[in-house]
Each structure stands twice: as structure tokens, then as C-alpha cells.
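Below: the structure, in C-alpha cells.
Residue numbers (the numbering used here): 89 to 856.
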């Protein structure tokens with residue numbers, strides 16, 4: 089309908105709202121204006137044709153086709169009557185305290201989440217006035233088209249609106265609000281009624297509404313043959329916003345009882361019966377100091393040089409094939425000589441425009457498969473000798489591998505221009521038509537260097553690198569992938585690397601010539617710290633079990649422990665579980681040589697079941713209960729805690745049966761195993777030597793938790809990571825945390841590192 093001063097509602101059977109026009113002669117005027125819509129009532133349910141003035145539910149509809157076109161060259165003078173002028177003035181006087189929004193072009197926004205399930209085909213969801221406070225949206229208008237999906241959609245809306253209400257608005261301009269007590273529950277409309285409404289509810293849409301403060305604006309009439317979508321108006325406004333097929337928005341002022349979908353906003357009140365922590369404030373837990381008087385090597389490279397020259401034939405690393413056979417044993421002499429050749433080649437044989445391609449401190453990518461620990465170890469120590477920063481990454485599978493794209497972003501942010509790999513690995517990478525390795529999606533342009541012996545230059549006899557792996561300079565960068573899929577690089581300094589090796593040596597009691605069986609990935613985490621770094625410091629022999637071998641023979645690591653008389657083994661709980669499934673019929677294995685079975689993912693609450701089951705089966709085959717040593721670690725803090733055997737001063741293992749109800753509120757409550765809603769956890773041992781640990785609240789200011797409260801474990805040590813490479817913002821929040829007491833006093837002068845692990849401090853150990 090055309091705009092008039094007093095806004096009229098859409099013609100909805102059963103819900104006729106009148107303007108505030110009470111003069112006797114004006115009823116004729118009203119009938120004349122609405123006569124053209126009378127045919128719409130034909131065929132509609134008689135109960136809806138009543139002109140009862142009792143407030144009731146209504147369904148506001150926007151029909152799609154005009155009944156007839158009207159001249160667009162001149163303004164219709166009949167709407168200049170004093171009738172609408174008086175009505176407008178009366179409406180303004182009645183609601184003068186309310187602000188009338190000016191007509192403006194609206195921009196569409198996403199619908200409220202409660203509307204998502206009821207969005208009809210080919211319609212938009214909602215829009216709101218610009219600059220207004222966002223309120224819960226309401227279903228103020230509905231498209232009733234002949235679209236095949238419209239009726240099922242309407243049925244879902246009506247059936248699902250048991251909690252919705254309709255508000256009776258008595259205001260006569262868009263700023264009007266429902267009167268108090270006027271919210272009523274809408275009637276359930278049958279599918280037949282909706283079909284009748286869809287068939288007969290047609291309305292002419294002509295132009296945008298006038299500015300009611302100045303009267304009607306002279307606008308030409310424009311026919312809109314079709315309305316593509318209807319958008320709900322913000323709560324508190326009697327306006328409906330219709331978007332036409334060509335994208336233009338039409339604002340309609342309504343004076344009616346609107347069908348509204350009331351969206352309740354629930355504010356969760358705290359449960360008065362929820363458990364609350366009652367213990368004292370935790371104290372900072374400090375590990376024993378690093379041993380003094382021990383002839384520690386001054387640096388990791390000094391240890392490599394010593395063993396490479398003094399014990400050149402001592403085995404350093406044994407690699408196995410997928411059949412479990414030893415294919416290569418790298419001695420300390422070979423590791424030293426090959427690392428020197430690589431360092432010499434990187435510093436002297438790689439040039440660009442007669443200038444060295446690399447300079448000290450540059451980052452270099454190490455791309456090696458999990459089946460080749462020997463060449464990875466040579467590449468890692470070769471970079472350290474050349475004062476370069478190795479960045480170990482996974483081998484990209486395809487050109488558009490989604491996981492490698494994030495790794496490529498990390499390489500780009502680190503400024504990596506060179507990648508080291510082997511001849512066999514390079515042959516398996518995707519190639520371009522020219523035979524060169526393709527540039528992977530998201531990766532920076534890289535030069536690839538194959539480090540097999542024939543590709544390296546032999547250095548002069550008296551040549552030695554100038555590398556001194558001490559100080560705050562970056563030793564290597566370890567990538568970390570978050571749960572959201574983003575990848576960051578954790579920088580580890582030379583000081584942290586050396587301190588970590590010393591702390592692990594003391595905590596695990598490593599000694600020279602010991603054999604360690606490593607099932608973990610040797611490029612990162614505990615597999616790198618134990619199997620590549622700490623092992624070299626102590627001249628240990630590492631037997632690396634490839635993942636492909638574990639898939640083919642889950643008992644392979646146990647067999648190698650038995651055959652090599654390994655004193656320590658590094659596994660995850662999954663490896664123990666797989667071994668249990670495949671151990672039947674294997675009666676000739678013995679684990680009596682193991683003094684430490686390090687479970688790298690001991691911080692996982694579910695690892696306790698694998699540890700207990702493994703002990704039950706293999707205790708009869710020589711495994712001692714105190715040999716199982718869970719540990720906790722993170723890329724940021726490195727090793728956080730590790731359980732130690734009694735001969736190394738460790739207390740007996742501890743378990744706790746905790747209430748799941750209490751844990752859901754972050755509170756530690758001991759329960760009994762008879763109940764189903766309990767969680768059994770095990771300790772992850774004692775704090776690392778030279779480190780301090782505390783537990784802080786996860787959110788907000790890092791206040792110390794109480795003794796019976798779960799929080800985030802933080803570590804202060806010289807053996808932690810130092811930063812996220814190139815990300816100073818989140819580096820400060822993670823690596824420079826200052827825990828405070830309840831009074832706001834810092835607990836230490838040194839900053840702490842957040843580990844990302846949740847746990848609490850037990851009587852003599854840590855649980856996480």
C-alpha cells in the first residue's frame with residue numbers, strides 16, 4: 089500500500105488495526121483506501137475474517153505481486169488530505185518522547201543463530217538499524233512464495249516456536265514499543281491456513297517510507313514484480329525491511345500486532361552446590377639443583393668433538409628397516425666427520441653472486457623422513473657447527489598438502505631459503521617439468537641441497553668451525569601445531585639446549601655406553617631431546633624404531649630391548665597398547681634389562697590404563713613396576729617432570745581416583761573406584777633438576793591456585809624454550825608469565841613459562 093501519514097499494517101485476516109481516526113466521516117475514507125484488498129479475504133478461513141479488535145496473534149506477511157500498476161508521473165493527491173495529517177500529528181504527540189529513526193538504506197547482517205535452522209530457501213536472514221544497540225531479533229515478516237520449500241519451512245517455524253510470543257504494539261511510528269503485558273502466545277496455524285495466506289496475501293510495494301516528521305516525500309511509483317527476501321527488523325521497531333530482487337531495500341512502517349519470535353537470553357547463575365577449592369594457596373615447587381663437581385662438557389658440540397676423536401668407533405645410532413634389520417650404524421667418529429663436511433660445504437661452497445649464500449644465524453629447513461635418523465642427525469649437527477639454525481619439518485606429501493601449507497608459512501616467516509634432504513627423499517618429492525622440486529603451496533622459494541656423502545666437499549685437515557654453542561643465541565626451532573591447525577616455531581637457545589641435556593642426564597641417570605631404544609619421532613619433542621641431543625652428551629647408543637616397523641610388528645621395540653639389552657626405552661602409551669595386542673605367543677622376550685621405561689605422554693590421563701595393562705602382562709617377563717616412568721612435557725617448556733626409579737631417589741608411584749563432578753569445576757575431590765563418574769590419574773614424577781614449578785589459574789591474572797584446585801602448570805628454568813619465532817605478542821604472554829599470590833605479590837623474580845598442561849601438585853609429586 090502507498091505511504092500515508094498514519095502507518096497502516098499489512099492486510100492480515102483476523103487482525104485489523106485501525107489508525108487513531110475516530111471522526112465519523114473518516115470510516116468512509118478508510119473503506120475506500122482498503123477496498124482494493126478485499127478480494128484477498130476470499131477463500132481464507134472464516135475464523136480469520138473476523139474484525140475482532142481483541143489483541144491476538146498475527147502472522148505478518150509480505151506478498152510478492154502488485155494488484156495493478158499506478159501512474160508514476162504524478163503524486164496521488166488524495167493522500168494530501170487532512171485526515172492523515174491529523175493522524176500523524178496525533179501519533180507524534182502521543183510518542184514525542186521516543187526517537188523516530190530516519191529512513192536509511194540498511195546493510196544486511198547475518199541472522200541470529202536461532203534463525204539458522206528456519207531460514208527458507210533463497211532468503212536472507214536479518215538486518216538491523218545501523219548504530220543501534222543489537223537486540224534479540226524477531227520474526228516480523230515471512231516470505232510466503234510458491235517455492236517448494238516454503239511450506240515445510242513454515243511448518244518447522246510454527247512447530248518449533250513453542251516458546252515464542254507476539255507483542256501487541258500500540259505505537260503509530262517505527263519507534264513504538266509493545267505495551268507491558270501485551271505479550272501473548274501465538275496460535276498454531278494449520279498448514280491449510282498457511283496455504284491460503286500464501287495464495288491470497290499480495291501487497292503492492294511502491295517506495296521507501298516517508299519522513300513522518302515532515303510529511304510525505306514526493307517519490308515516483310516503482311513496481312516491484314518480485315521480492316526475493318525478507319529481513320527481520322530489530323526488536324522495538326515497527327518496521328519491516330524487505331529486500332527486492334535487485335538488492336534494493338524497502339522500509340515499511342507497520343501499525344499492527346506483530347508475530348514475534350522471542351529469543352530468551354539465559355544468564356547462567358552459579359550453582360550454589362558446586363564444589364569450591366578449600367585448600368591453602370600452593371607454594372612454588374622447586375627441583376633439586378643441578379649436580380656440581382660433575383665433569384659436564386662445556387657444550388654439546390664439545391662433547392661431540394670429544395667422542396668423535398676419542399671414541400670414534402663407539403656406536404652412536406642404529407637405524408632399522410621395515411623388516412627390523414639394522415641397515416646402518418653410525419659411529420661417533422662418522423658423525424663428527426660427516427657433520428664437519430656438511431658445515432664446511434654450507435659455509436664455503438654455497439654462493440650467490442660470489443657471496444656466501446648463508447651467514448651465521450640463518451635458518452635452514454631439515455626435510456627428512458621418519459625412516460632416516462642417521463642423515464637427520466648429520467644435518468642437525470652440521471648446522472650447529474656452521475652456526476646455522478636447523479628447523480626440522482615433515483616431508484610434504486603433495487604439492488597442496490593442507491598441513492604443509494602452515495609449515496610453509498612458518499618457513500617464510502623464518503626467512504628459510506635452503507632445505508637439506510637426502511637423495512632418496514628428493515626423488516620422492518613432486519617435480520616440475522624441468523625436473524626441479526616444485527614450490528609447494530604456501531612455501532617460500534627454496535634451494536634444495538642433498539647431503540649424501542658424494543655431494544659434500546671435504547674440508548682441509550686443519551679446518552675447524554668457529555661455532556661456540558653457548559649463550560642466548562638460537563640453537564634450533566621446533567614447530568608446533570595448535571588444535572586450530574596454525575603452526576608456530578618455538579625457539580630453543582644454546583643455553584636451554586645444554587641445560588636440558590644436563591637436567592635429563594641427572595633425572596634419568598644416563599651414563600656412557602648405555603643403550604636407549606627410541607620409538608618416538610626423532611625430529612621433535614622427547615624423541616629429539618633424548619635420542620639426538622642428550623644421547624650424544626653421554627656417548628649413548630640409540631636404536632631408532634621407525635614408525636613403519638611398528639605398524640608391521642608392534643612388538644619390534646620389545647624385541648630390540650631384549651636383543652640389545654637396552655637400559656632405557658622411550659615410548660608412548662599407544663606403543664604399549666599395540667604391544668599388548670600382539671604379544672600372544674611371544675614367550676622368549678625379557679624386559680629385565682630395562683631400568684627406565686619412559687612414557688612420553690604420561691600427562692595424558694588415559695595413559696594410566698596402558699601402563700597398568702602393560703605391567704600386568706610383562707611383569708612376569710622381567711619388567712619391574714618401578715621401571716615405568718611417565719613424564720610430562722610441552723614444546724614451550726620442554727621436559728616439565730618425570731617419575732624416577734627408587735635408585736635415583738624417586739618416591740613410590742602414586743595414583744588418585746578423582747570425582748569427575750569436581751573436576752568439571754576445576755576442583756580436586758578424591759572419590760572411590762566403585763563409582764562410574766570418576767577419573768583415575770597417575771603422577772608424572774618430580775620437577776626437573778634446576779627448575780621451579782607452580783600452578784596458576786587458567787584465565788585472567790595468573791594467581792596461584794589452591795592445593796585442591798586444577799590450574800595450568802608453569803615452569804621457571806634455564807632449560808625451557810625462549811620465544812615463538814617472530815611473534816613477540818604471544819611470546820610475552822606465554823614465556824614471560826609472572827605468577828602472583830592472592831595479595832598480588834610476584835612469587836619469583838624470574839619469569840615462568842606456561843606449559844599448556846592442566847594439573848595440580850600432589851604431596852610429593854606432580855599430576856597433570
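Just so it is clear, CB atoms sit at the ideal spot from N, CA and C, and this is done for glycine as well.
Practice item. Give the secondary structure of residue 714 by DSSP, where H, G and I count as helix, E and B as strand, and everything else as coil. Key: helix
Practice item. Taking residue 848 as part of the beta strand (DSSP E), name the residues at either end of that continuous run. Key: 841-849
Review point. Residue 628 bridges to which residues according to DSSP?
Key: Answer is none; residue 628 lacks a bridge partner.
Practice item. Please confirm if the segment 500-507 is in contact with the segment 804-817, defined as three or more CB-CB distances below 8 angstroms between the two stretches. Key: yes
Review point. What alpha helix (DSSP H) runs, 4 residues minimum, are completely inside the segment 438-523?
Key: 461-473, 490-502 and 511-515
Practice item. Would you kindly work out how many angstroms separate the C-alpha atoms of residue 609 and residue 786, rounded to a whole number? Key: 30 angstroms
Review point. What are the residues that DSSP puts in a beta bridge with residue 756?
Key: None; residue 756 has no bridge partner.
Check your understanding: What separation, rounded to the nearest whole angstrom, lies between the Cα atoms of residue 841 and residue 483?
Key -> 30 angstroms
Check your understanding: residue 868: which of 621, 667, 627 and 642 sits nearest, CA to CA?
Key -> Residue 868 cannot be examined here, being either before or after the span of the chain that is shown, 89 to 856.
**Study point:** Own chain partners of residue 593 with C-beta closer than 7 angstroms, once the 5 adjacent residues on each side are dropped
**Key:** 622, 625 and 626
**Study point:** Endpoints, the beta strand (DSSP E) within which residue 582 is located
**Key:** No beta strand (DSSP E) contains residue 582, which is instead part of the alpha helix (DSSP H) from 582-596.
Check your understanding: Do residue 743 and residue 369 have their CB atoms nearer than 8 angstroms?
Key -> no
Review point. Helix, strand or coil: how does DSSP classify residue 76 here?
Key: The requested residue 76 does not occur in the structure, where the chain is confined to residues 89 to 856.
Review point. On the three-state DSSP scale, how would you describe residue 664?
Key: helix
Exercise for review: Go to residue 699, then tell me how far its alpha helix (DSSP H) extends in each direction, as first and last residue.
Suggested key: 695-706
Review point. Is the segment 647-664 in contact with the segment 424-436, if contact means three or more CB pairs nearer than 8 angstroms?
Key: no
Check your understanding: Which same chain residues, not among the five before or five after residue 630, have their C-beta less than 6 angstroms away from its C-beta?
Key -> 405, 604, 606, 619 and 623
**Study point:** Whole-angstrom distance between residue 428 and residue 52, CA atom to CA atom
**Key:** Because the chain is modelled from 89 through 856, residue 52 falls outside the range shown and cannot be assessed.
Point to revise | Continuous beta strand (DSSP E) stretch holding residue 536: start and end | key: 535-538
Review point. Distance, Cα to Cα, residue 659 vs residue 638?
Key: 11 angstroms
Review point. Do the segment 708-717 and the segment 682-689 meet, that is, are 3 or more Cβ pairs less than 8 angstroms apart?
Key: yes
Check your understanding: Shortest alpha-carbon distance to residue 848 belongs to which of 533, 674, 802 and 731?
Key -> 802
Point to revise | Collapsed DSSP secondary structure at residue 633 in the structure displayed | key: coil
Check your understanding: Do residue 750 and residue 578 have their CB atoms nearer than 8 angstroms?
Key -> no
Review point. What is the DSSP secondary structure of residue 33, reduced to helix, strand or coil?
Key: With the chain represented from 89 up to 856, any question about residue 33 goes unanswered, as that position is not in the structure.
Exercise for review: Could you tell me whether the segment 764-781 touches the segment 720-736, using the rule of 3 or more Cβ pairs below 8 angstroms?
Suggested key: yes
Practice item. In the DSSP assignment, find the alpha helix (DSSP H) that holds residue 436 and state where it starts and stops. Key: 420-436
Exercise for review: Assign residue 707 to one of two classes, buried (16 or more other C-beta atoms within 10 Å of its C-beta) or exposed (fewer than that).
Suggested key: exposed
Check your understanding: To which residues of the same chain is residue 850 closer than 8 angstroms at the C-beta, ignoring the five residues directly before and after it?
Key -> 742, 744 and 771
Practice item. Please name the residue or residues paired with residue 684 in a DSSP beta bridge. Key: 656
**Study point:** Coarse secondary structure for residue 609, derived from DSSP in three states
**Key:** coil
Practice item. Use the C-beta contact count for residue 761: other C-beta atoms within 10 angstroms, 16 or more gives buried, fewer gives exposed. Key: exposed
Exercise for review: Would you check if there are 3 or more beta carbon pairs closer than 8 angstroms linking the segment 502-517 to the segment 448-464?
Suggested key: yes
Check your understanding: Does the distance from the C-beta atom of residue 465 to that of residue 539 stay below 8 angstroms?
Key -> no
Exercise for review: Would you identify the three-state DSSP class for residue 414, choosing helix, strand or coil?
Suggested key: strand
Practice item. Would you mind sorting residue 600 into buried or exposed? The rule is 16 or more other CB atoms within 10 Å of its CB. Key: exposed
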